[in-house]
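Residue numbers (our numbering), protein chains in the order written: chain A, 1 to 207; chain B, 1001 to 1207. Cβ coordinates follow ideal geometry from the N, Cα and C atoms, glycine included.
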DNA sequence: TGATATTAGGACCGAGCGGTCCAATGCGCA
DNA sequence: TGCGCATTGGACCGCTCGGTCCTAATATCA
C-alpha cells in the first residue's frame, strides 16, 4: 500500500468519524490529505464509496491492534483480559475527548438502512468482534456458570459499549462511559461461578 | 397546531428515521406530505433546521405516550413496570421490522458532533428519559439494595437499549434485541434484594 | 359580492456535490 | 537522453441542495 493511499485513508477516517460519511465530501478529504486536486484523489480510489469501504476496513484493523488484541493475550486470565479490553475502549474514547464515537456505530446508524453495501460490511465487523469475545468466553468456561450463553453475552457487551460511547458523545462526558463500564463488568461478574470477585474488580457501587 | 403542520411533521419523522437528517431533503418531505411546492412548505416552517427540531420533539412526545407512559402506571409494581417498558421498546422496534432505529440514537450519531443545536436537544431528550427511570427506581428503593446508584443504572439501561436497537438494525434480526432485553432484565434483577425473582422474570439462560 | 387567507405551482438562485478530462509538470531509471 | 509514472492544477459537467420570489386559483366568512 502506497504512502499516499494510507495518508488519504487516515485523513478520511478522521473526517468520517467526526462528521459521518455523507457529510464528508471528497473535497474535504483532499484538503485533509493535502492532495493537489480531484484527479489526484481519483488516481488512488475509484469512487467515494470505495474509499468508505476501505476506511471501514482500516478502522477495524486499528481496533484489532489497539483494542481486540488484548482479548488474545495468552498470559493473562481470560476474564481479566475482558476487563482490560473494556478499559481499553474507555481509554480510546477518552483520548478522543468524548467526540467522534465508535467508527462502526456511527456508520451503522447513518447507513445501515440506506446502503446495503455498507450494512453487510458493518455487520461483518460486529460479527468478527463478537467472535473474538465468544472464543474468550469459551476459554473462560471453567470459571463460568454452565448455562452462560456466549452468543448472547457477547452481543450484550458490544451493544452496551456502543450505546455507552454514543451517550458519552451526546453528553460530552466521559464519566458516562466509565460508569457504564463498571456496571458492565459487574454484569459479566454475575456469570462467574464464585461471584466474580476474582478477575473482575469493582463491586456493587464501588467507584 | 394545524393539520398540515402535523402532516408535514409526521412525513418528515418517518423519512428522517429511515434516512437520517442530512439525507432527507426538503423536497422529499414535500413529496411525502403531498405539498404543492417549496413555498407551501416554507409557509409552515422557517427552515429545515426548525423542522428537524420539531420532529425531534414530536418523536419524544410519541415515545412518551407509547413507551415512557408505562413507567408511570400507578397500579403496577415499579420493577414490573420497568420490565414492561423494556418489552415495549422491543415491541416498538419489532413493529418497524428491524429497520429505522431509535429516532434519538440516529440523530445523536449523525449530528452530536456536527451540530450543537441538535446535540443539546438530544441531550435533553435522554435526560428526560433517564429522569423517568430514576424516579421509578426511587419508587422501588424498598426492594433494591441500599447502594444502587440510580443515575448510573438509568444510564446503563438507556445505553444498552440504544446499542441493542442499533445492533438489531445492522443485523436485521429482532432476536438480537430480544436477547439483550432478557439479559438487561437479569442485570436489573441483580440490584433487587431477594435476587430479583419477583418482578423481573427470566432467570439465567431461560429463554 | 367583496376582502382575506390559504393553497397551488413553478421559475429561479448560488452553492456544493461526485466525478471526468486535460495539459503541464516533476522525477527516477534504463 | 528519453521513457513512464506520480503529481499538480484547474476547467468543466449534470445534478441536488436549501431557500426565495412571484403569480394564480381556491376556500372562507362578513
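List the whole-angstrom C-beta distance separating residue i from residue j, where the pair is believed to meet the contact cut-off of C-beta under 8 Å.
i	j	result
residue 1110 of chain B	residue 1021 of chain B	6 Å
residue 160 of chain A	residue 1159 of chain B	6 Å
residue 122 of chain A	residue 112 of chain A	7 Å
residue 143 of chain A	residue 193 of chain A	6 Å
residue 1187 of chain B	residue 187 of chain A	5 Å
residue 183 of chain A	residue 1156 of chain B	5 Å
residue 179 of chain A	residue 1141 of chain B	That belief does not hold up - the Cβ atoms of residue 179 of chain A and residue 1141 of chain B are roughly 19 Å apart, past 8 Å.
residue 228 of chain A	residue 94 of chain A	Residue 228 of chain A lies beyond the residue range present for chain A, which begins at 1 and ends at 207; the question has no answer from this structure.
residue 1181 of chain B	residue 170 of chain A	That belief does not hold up - the Cβ atoms of residue 1181 of chain B and residue 170 of chain A are roughly 22 Å apart, past 8 Å.
residue 82 of chain A	residue 136 of chain A	6 Å
residue 1120 of chain B	residue 1056 of chain B	Not a contact, Cβ separation roughly 11 Å.
residue 154 of chain A	residue 134 of chain A	5 Å
residue 35 of chain A	residue 1105 of chain B	Not confirmed; about 34 Å, so no contact.
residue 1139 of chain B	residue 1078 of chain B	5 Å
residue 44 of chain A	residue 4 of chain A	6 Å
residue 1037 of chain B	residue 162 of chain A	Wrong, their Cβ atoms sit about 41 Å apart, outside the cutoff.
Name the DSSP bridge partner or partners of residue i?
i	result
residue 144 of chain A	A/192
Three-pair Cβ contact test at 8 Å for the segment 85-101 of chain A versus the segment 139-151 of chain A: When Cβ pairs closer than 8 Å are counted between the two stretches, the segment 85-101 of chain A is seen not to touch the segment 139-151 of chain A, the count staying below three.
What residues from the segment 69-85 of chain A come within 8 Å of chain B, judged by C-beta to C-beta, listed N to C? When CB distances to chain B are screened at a threshold of 8 Å, not a single residue of the segment 69-85 of chain A falls below it.
Using a Cβ-Cβ cut-off of less than 7 Å, give me the residues of the segment 13-32 of chain A that come near chain B, in sequence order. Result list: 18, 19, 20, 22, 23.
Scan the segment 1120-1137 of chain B for residues whose Cβ lies nearer than 8 Å to a Cβ of chain A and list them as they occur along the chain. When CB distances to chain A are screened at a threshold of 8 Å, the residues of the segment 1120-1137 of chain B falling below it are 1122, 1123, 1126, in chain order.
What are the complete alpha helix (DSSP H) segments, minimum 4 residues, inside the segment 66-129 of chain A? The segment 66-129 of chain A contains these whole alpha helix (DSSP H) runs: 78-95, 103-111.
Please identify, using Cβ separations under 7 Å, the residues of the segment 1091-1120 of chain B that lie next to chain A, in order along the chain. Those residues of the segment 1091-1120 of chain B placed with their C-beta closer than 7 Å to a C-beta in chain A are 1099, 1100, 1101, 1105, 1106, 1108, 1109, 1110, 1112, 1113, 1114, 1119, ordered along the chain.
Chain A contacts made by the segment 1179-1191 of chain B, where a contact means CB separation under 7 Å: Answer in chain order: 1179, 1180, 1183, 1187, 1190.
Touch check for the segment 1098-1105 of chain B and the segment 1002-1018 of chain B: three-plus C-beta pairs under 8 Å? Contact between the segment 1098-1105 of chain B and the segment 1002-1018 of chain B is present: 3 or more CB-CB pairs across the two stretches fall below 8 Å.
Just checking, does the segment 1025-1037 of chain B make contact with the segment 1005-1012 of chain B on the three C-beta pairs under 8 Å criterion? Judged by Cβ distances under 8 Å, the segment 1025-1037 of chain B makes contact with the segment 1005-1012 of chain B, as three or more pairs qualify.
Can you give me, in chain order, the residues of the segment 47-58 of chain A that have a beta carbon less than 7 Å from any beta carbon in chain B? Hits within the stretch: zero.
Positions along the segment 156-171 of chain A whose CB lies within less than 8 Å of some CB in chain B: Listed by position, the residues of the segment 156-171 of chain A near chain B (Cβ gap below 8 Å) are 156, 158, 159, 160, 161, 162, 163, 164, 166, 167, 169, 170, 171.
Inspect the CB distances between the segment 1128-1138 of chain B and the segment 1058-1071 of chain B and report whether three or more fall short of 8 Å. The segment 1128-1138 of chain B, when compared against the segment 1058-1071 of chain B, does touch it at the 8 Å Cβ threshold.
Which residues, taken in chain order from the segment 1140-1154 of chain B, show a beta carbon closer than 9 Å to some beta carbon of chain A? Flagged, chain order: 1145, 1146, 1147, 1148, 1149, 1151, 1152, 1153.
Which runs of the alpha helix (DSSP H) at least 4 residues long sit entirely within the segment 1034-1059 of chain B? Give them in chain order. 1038-1044, all fully within the segment 1034-1059 of chain B.
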